[in-house]
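Residue numbers (my numbering), protein chains in the order written: chain A, 1 to 308; chain B, 309 to 707. Glycine included, each C-beta is placed from N, C-alpha and C at the ideal position. No experiment lies behind these values; they were computed from the predicted model shown. To start, the structure under review is shown below, and the notes come after it.
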Amino acid sequence: MARKPIIKVVNLAKHYKMGPSTVRALDKINLEIYSGELIIIFGQSGCGKSTLMSLLAGLDKPTSGEILVRGENLSNMSANQLSKYRRTKIGMVFQQYNLIPNMTALDNISLPLAFDGTSRRRRAKRARNVLELIGVSKLAERTASEMSGGQQQKVSIARAWVTSPWIVFADEPTGNLDSKSADEVIRLIKRLNEKSKRTVLLITHNPEYLSLADRVIYLKDGKIVRISGQIKGASRRQKRNELEQLSGVGRGVAENLFAANYRNMLDVASADTDELAKVKGVTKNMASVIKKEAQSIMMAREGFSEEE
Amino acid sequence: MTLLDLLLFSIASLKRNKMRTLLTVAGVVIGIAAIVFLVSLGFGLQELVIEKIASMKELTQIQVDPKPPAAKLTKKNIIRLGRIEGVKWVSPSYYLSAQMLLGDEQIDVTLYALNPKYMEAEDVKADVGKNLHSPDAQEIIVSRNALKVFDLLEAKNLVGREATLRIYLRDKNGNFSLKIDDPNQIQKFKIVGIAKNVKESSVYIPVKSLDALKIKTFDKVMLKTTSREVVKDVKKEVSDMGFKASSIRDTISEIQRYFRAAQIVLGILGMIALLVASIGIFNTMTISLLERTHEIGIMKAIGATNKDVRRMFLFEAAQIGFWGGFWGLAVGWLMGLGINFLANSLASKFQGKAEVIFQTPVWFSAIAILFALMVSIFAGVYPARRAGKLGPLEAIRYE
Numbered sequence: 001m002a003r004k005p006i007i008k009v010v011n012l013a014k015h016y017k018m019g020p021s022t023v024r025a026l027d028k029i030n031l032e033i034y035s036g037e038l039i040i041i042f043g044q045s046g047c048g049k050s051t052l053m054s055l056l057a058g059l060d061k062p063t064s065g066e067i068l069v070r071g072e073n074l075s076n077m078s079a080n081q082l083s084k085y086r087r088t089k090i091g092m093v094f095q096q097y098n099l100i101p102n103m104t105a106l107d108n109i110s111l112p113l114a115f116d117g118t119s120r121r122r123r124a125k126r127a128r129n130v131l132e133l134i135g136v137s138k139l140a141e142r143t144a145s146e147m148s149g150g151q152q153q154k155v156s157i158a159r160a161w162v163t164s165p166w167i168v169f170a171d172e173p174t175g176n177l178d179s180k181s182a183d184e185v186i187r188l189i190k191r192l193n194e195k196s197k198r199t200v201l202l203i204t205h206n207p208e209y210l211s212l213a214d215r216v217i218y219l220k221d222g223k224i225v226r227i228s229g230q231i232k233g234a235s236r237r238q239k240r241n242e243l244e245q246l247s248g249v250g251r252g253v254a255e256n257l258f259a260a261n262y263r264n265m266l267d268v269a270s271a272d273t274d275e276l277a278k279v280k281g282v283t284k285n286m287a288s289v290i291k292k293e294a295q296s297i298m299m300a301r302e303g304f305s306e307e308e
Numbered sequence: 309m310t311l312l313d314l315l316l317f318s319i320a321s322l323k324r325n326k327m328r329t330l331l332t333v334a335g336v337v338i339g340i341a342a343i344v345f346l347v348s349l350g351f352g353l354q355e356l357v358i359e360k361i362a363s364m365k366e367l368t369q370i371q372v373d374p375k376p377p378a379a380k381l382t383k384k385n386i387i388r389l390g391r392i393e394g395v396k397w398v399s400p401s402y403y404l405s406a407q408m409l410l411g412d413e414q415i416d417v418t419l420y421a422l423n424p425k426y427m428e429a430e431d432v433k434a435d436v437g438k439n440l441h442s443p444d445a446q447e448i449i450v451s452r453n454a455l456k457v458f459d460l461l462e463a464k465n466l467v468g469r470e471a472t473l474r475i476y477l478r479d480k481n482g483n484f485s486l487k488i489d490d491p492n493q494i495q496k497f498k499i500v501g502i503a504k505n506v507k508e509s510s511v512y513i514p515v516k517s518l519d520a521l522k523i524k525t526f527d528k529v530m531l532k533t534t535s536r537e538v539v540k541d542v543k544k545e546v547s548d549m550g551f552k553a554s555s556i557r558d559t560i561s562e563i564q565r566y567f568r569a570a571q572i573v574l575g576i577l578g579m580i581a582l583l584v585a586s587i588g589i590f591n592t593m594t595i596s597l598l599e600r601t602h603e604i605g606i607m608k609a610i611g612a613t614n615k616d617v618r619r620m621f622l623f624e625a626a627q628i629g630f631w632g633g634f635w636g637l638a639v640g641w642l643m644g645l646g647i648n649f650l651a652n653s654l655a656s657k658f659q660g661k662a663e664v665i666f667q668t669p670v671w672f673s674a675i676a677i678l679f680a681l682m683v684s685i686f687a688g689v690y691p692a693r694r695a696g697k698l699g700p701l702e703a704i705r706y707e
């Protein structure tokens, strides 16, 4: 199934002048990211991953090359168009949480909607919905100083999600958190990615999270050293194995499901039964059984990742 | 962003550093209070002077003087003057010399023949007895000075008594002739009132009493208009007829010009204080900009436009201006009120007349607040522009 990338990066470069020498923060970056993917950009600090994110988020201009978001070139956008892109098409999660200190969680979350001119009532409702989705409704009226780091990060994730963006960028979201909170935040991002099918670009230097990603992009010294390849393959095998958990689904059927774009439990759980039955090796009866099973597995997973 | 959001956001940010906001607002309060206080003094003094010159009634009067040889105030012309649109009544007046015989006494007086309605307007009031009311009655009002020869205490008894006037006419050169050629020159009148405020020895009689004397032209004519608004039009028409028209308004506008100049000087003194306050606003907004650079970066990263950020800052400056203007007006106004009160209580202690020294017209109050708003917004423009232009990435990295 031929899909169009949501983000296409062509020969992207970012060079900084530092006195007489030029620092090549990013060089010859070519990349395609597809809708719904959870991508991890992995590398040591200084490898250019934050620079890449700034460019993709339209916060900075590349030295050369192009970034096409759904076919639109970011370089051709005016400052106002970039602002609109940032508040409607993307969401951002930062290492420092970056909540506005004197505002409540609710006001922070509704801020992008405020910039977009949404009415106060509607954005309060949206913000509350997102808080509930994330399972931290009780934080609604707290300000940043009244929340732990993990809580602040969850609120900032809610802020990124509130506009239903195409892509969410998360730059080292666990960098300032203890391991328990970090774990919660990462699982939250993963869950939201699966549930809402939003594309997520996660920047990290923590190899523990690599298994969560659909694809991993390895950056080193401003260049992509490995992209998808084996990683994508490994991920595919893992997903297929996941589908093999379903009763009556053997390795062959799992392959067929994957080929028909049912890549994980969520895809099966949210599939149309009739469509599912069209996959080779899946009977109509079996389709409804595995769908129900996938749904209960998903529910168990979501419950597991819900706030204790 | 909606205007309501901008307003609420600006209130929230101003609340974050209450002390600094209050001090900045206080600067504007002092500036506006100084302006309001000083200019109110100007307004008050102006009103005081104008009030002394003219009662409200007189503002609707036009004095018509002849311009010989062409424009003479003949009866025919006076009727024409009375027909001008907006004229309520006309009062031709004529002055003569006369001898008043009262009992055994003879007194030389100046005789003013006029329309009784004009008495009121001229502010000649009978303090004892009553004013002239009927244009046809053979009644007179006598000034107290004319009665000096009598015991003042007797003034009351004089009301109702009959006096004989020997009226001396003017010749062609305007000199009085002491000859009595016409029996109509001696007439009997009833004294109906005595006027205290008139300095000269004078007697007022209804102009109709002179009809028999066949006076051809009058000295001047007073026109009363229906309202203050038509004075200008009526004046123009009178001038077009060839007469000289003047009104107390001319004098008042002259005085107003002087006071306007005085108010501007007083206002400028107050403005110096406001100028200092505007530097305070500039300072506060610039510090606020530096403090919030990181925050501005966040806002831009999550989608605020340059315009959003710029307007947020401008709204903050405007808020400072508005509240500074509002409270400055209140303080300046209360200070004036306080001094009015003090002056009046002092005046009443020494049996003086209570006067309003400070006056703050509503339109000036509105201008004061508007002015504070404008100055503040102006002081906020540069910091707001800087905030708007901040690059999101540099701003967000700024700690």
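Reference residue i; option with closest CA among the options
| i | options | result |
| --- | --- | --- |
| Ile157/A | Leu212/A, Ala114/A, Val249/A and Leu201/A | Leu201/A |
| Pro514/B | Arg328/B, Tyr476/B, Phe666/B and Leu422/B | Leu422/B |
| Gln354/B | Leu330/B, Ala569/B, Asn591/B and Gly646/B | Ala569/B |
| Ala406/B | Leu518/B, Ala692/B and Ile665/B | Leu518/B |
| Val664/B | Met309/B, Ile340/B and Gly350/B | Gly350/B |
| Lys380/B | Glu599/B, Lys528/B and Asn648/B | Lys528/B |
| Ile523/B | Ser586/B, Lys480/B and Ile556/B | Lys480/B |
| Ile563/B | Thr332/B, Gly335/B, Asn325/B and Lys360/B | Lys360/B |
| Leu473/B | Leu455/B, Lys661/B, Phe497/B and Thr332/B | Phe497/B |
| Arg686/B | Ser547/B, Val617/B, Leu650/B and Ser586/B | Correcting the residue type first, residue 686/B is Phe in the shown sequence and not Arg. Taking only the C-alpha atoms, the option nearest Phe686/B is Ser586/B. |
| Glu447/B | Asn453/B, Lys456/B and Ala434/B | Ala434/B |
| Arg619/B | Leu597/B, Tyr566/B and Leu637/B | Leu597/B |
| Ile167/A | Ala271/A, Leu38/A, Lys223/A and Gln245/A | Leu38/A |
| Ile224/A | Arg24/A, Met18/A and Ile6/A | Arg24/A |
| Ala342/B | Ile677/B, Thr534/B and Gly696/B | Ile677/B |
| Arg86/A | Lys657/B, Gly611/B, Lys697/B and Ala695/B | Gly611/B |
| Glu603/B | Gly696/B, Ile340/B and Gln493/B | Gly696/B |
| Ala140/A | Pro112/A, Met103/A and Val253/A | Met103/A |
| Gln152/A | Arg120/A, Phe169/A, Leu133/A and Pro173/A | Pro173/A |
| Thr329/B | Gly660/B, Lys383/B and Gln627/B | Gln627/B |
| Arg694/B | Val617/B, Asn648/B, Ser673/B and Leu645/B | Val617/B |
Burial state of residue i (16 or more Cβ within 10 Å)
| i | result |
| --- | --- |
| Met530/B | buried |
| Tyr209/A | buried |
| Val263/A | Here residue 263/A turns out to be Arg, not Val, going by the sequence shown. The residue is buried, with at least 16 neighbouring Cβ atoms inside 10 Å. |
| Tyr16/A | exposed |
| Trp631/B | buried |
| Asn193/A | buried |
| Gly233/A | Residue placement at Gly233/A is poorly supported in this model, since its pLDDT is 35, which falls under 50; the coordinates still yield a value, given next. Result: exposed. |
| Ser296/A | exposed |
| Ser54/A | buried |
| Trp708/B | An answer regarding residue 708/B cannot be provided, because it is not within the stretch 309 to 707 covered by chain B. |
| Met579/B | buried |
| Arg159/A | buried |
| Pro669/B | exposed |
| Leu319/A | Lying outside 1 to 308, the shown extent of chain A, residue 319/A is not represented and no answer is given. |
| Gly229/A | Interpretation of Gly229/A is limited by its pLDDT of 40, a score under 50 that renders its predicted location unreliable; the figure taken from the coordinates is listed afterwards. Burial call: exposed. |
| Ile595/B | exposed |
| Val216/A | buried |
| Ile740/B | This structure does not reach residue 740/B, given that chain B is present from 309 up to 707, and the question cannot be answered. |
Bridge partners - residue i, DSSP secondary structure assignment
| i | result |
| --- | --- |
| His441/B | For His441/B, which the question treats as bridged, DSSP gives no partner whatsoever. |
| Ser510/B | Thr418/B |
| Asn73/A | Leu68/A |
| Gly605/B | Its beta-bridge partners do not exist; DSSP assigns none. |
| Asp171/A | Ile203/A |
Cβ-heavy atom distance, residue i to the ligand MN, below 7 Å
| i | result |
| --- | --- |
| Leu583/B | In the structure shown, the ligand MN is absent, as is every other ligand, since no ligand is present at all. |
Taking beta-carbon pairs under 9 Å, can you tell me which members of the segment 690-705 of chain B lie near chain A? Gly699, Pro700, Leu701 and Ile704
Tell me which residues of the segment 52-76 of chain A have at least one Cβ-Cβ distance to chain B shorter than 8 Å, keeping chain order. Ser54, Ala57, Leu59 and Asp60
What are the residues in the segment 320-331 of chain B lying within 9 Å of chain A by C-beta distance? Ala320, Ser321, Lys323 and Arg324
The segment 568-602 of chain B: which residues have C-beta closer than 7 Å to a C-beta of chain A, in chain order? none
Three or more C-beta pairs under 8 Å: does that hold for the segment 19-35 of chain A against the segment 92-108 of chain A? no
Any contact between the segment 551-558 of chain B and the segment 333-341 of chain B? By contact I mean 3 or more CB pairs, one from each, below 8 Å. no
Output, in sequence order along the chain, the residues in the segment 604-626 of chain B whose CB is closer than 9 Å to any CB in chain A. Gly605, Ile606, Met607, Lys608, Ala609, Ile610, Gly611, Ala612, Thr613, Asn614, Lys615 and Asp616
Taking a Cβ distance cut-off of 9 Å, strictly less, list which residues of the segment 151-169 of chain A are near chain B, in chain order. Arg159, Ala160 and Thr163
Near-chain B residues of the segment 244-267 of chain A (beta-carbon distance less than 7 Å), N- to C-terminal order: none
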